[in-house]
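Below: the structure, in structure tokens.
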Amino acid sequence: ETGVTQTPRHLVMGMTNKKSLKCEQHLGHNAMYWYKQSAKKPLELMFVYNFKEQTENNSVPSRFSPECPNSSHLFLHLHTLQPEDSALYLCASSLTPGQMNTEAFFGQGTRLTVV
Amino acid sequence: GEDVEQSLFLSVREGDSSVINCTYTDSSSTYLYWYKQEPGAGLQLLTYIFSNMDMKQDQRLTVLLNKKDKHLSLRIADTQTGDSAIYFCAEKVPPGTDKLIFGTGTRLQVFP
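Protein sequence lines, in the order shown, are assigned to chains A and B. Residue numbers 1 to 115, in my numbering, belong to the letters of the first sequence in order. Residue numbers 1001 to 1112, in my numbering, belong to the letters of the second sequence in order.
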């Protein structure tokens, strides 16, 4: 149990579908992140939220739309995705944004397949 | 720029030591991390080292940092089959943020 829970664990969607990924943490953390893990590529940071405010968007296409209603929940809304968007999407959280040593806790990820 | 590189694959016999290497380019890194990812799971933080340290030991894990060469290594003593996983090196840049730059990961295979 990592403390960061992602649902669903697996998702298959068509290119015209709209779906959402959910991430939840009850660790009392104030920062949450979305990462993308593609085969044979480094993990790519997508978005960072600190105290519910988006502080980083790493040039992510608009077909990925994050939402952070509170410090415990983070969503990634997906629409009109491409097959190359198939990947493992990892959510992470950390206690205090901007602190020198803040351990990031990761969820188990959502394996997304776009067909 | 920010770049972290690792070899893709390492195979060791059970009971031997494993050494996973990582090189990074950003000299402003303050913390460097090793994460472990088992099949079907997220990333688990194994250990970290502050940039003013040369070495850190935590049970079977030893982290060595050569800041001059921007080289980080993770040594696992008495490697077990349960250590089979992908190991990611990561650096935190720029200092004072939570942005982690990850390497591609090294797949460690432990055979009997």
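Glycine residues also receive a C-beta, built at the ideal position from the N, C-alpha and C atoms. If you're wondering where the values come from, they're calculated on a predicted model, not measured in any experiment.
Within the segment 1027-1060 of chain B, note down every full beta strand (DSSP E) run reaching 3 residues or more, in order along the chain. 1031-1037, 1043-1050, 1055-1058
Is L1100/B near A31/A, with beta carbons less than 8 Å apart? no
Using a beta-carbon distance below 8 Å, is V1093/B in contact with chain A? no
Does the distance from the CB of K36/A to the CB of E24/A come in under 8 Å? no
Chain-ordered neighbours of L1065/B on chain A, where CB pairs are closer than 8 Å: By Cβ distance, chain A contributes nothing, its closest Cβ being about 15 Å from L1065/B, past 8 Å.
Limits of the beta strand (DSSP E) - the one that K52/A falls within: No beta strand (DSSP E) contains K52/A, which DSSP labels as neither H nor E.
Using 8 Å as the limit for Cβ to Cβ distance, is K1099/B near chain A? yes
Grouping DSSP H, G and I as helix and E and B as strand, with all else coil, what is E1/A? Because the pLDDT at E1/A is just 49, under 50, the model does not fix this residue reliably, and the point stays unresolved.
Does DSSP put T1106/B in a helix, in a strand, or in coil? strand
With a cut-off of 8 Å, does the C-beta of F1102/B fall near any C-beta of chain A? yes
Three or more beta-carbon pairs under 8 Å between the segment 4-19 of chain A and the segment 48-68 of chain A, yes or no? no
So, is K1092/B buried or exposed, given that buried needs 16 or more other C-beta atoms within 10 angstroms? buried
What in chain A is Cβ-close to A1085/B, meaning under 7 Å? Result: empty, since nearest Cβ-Cβ is about 13 Å, beyond 7 Å.
Short CB-CB distance (under 8 Å) between F1088/B and chain A: yes
Can you have a look at F1102/B and say buried or exposed, based on whether 16 or more other CB atoms are within 10 angstroms of its CB? buried
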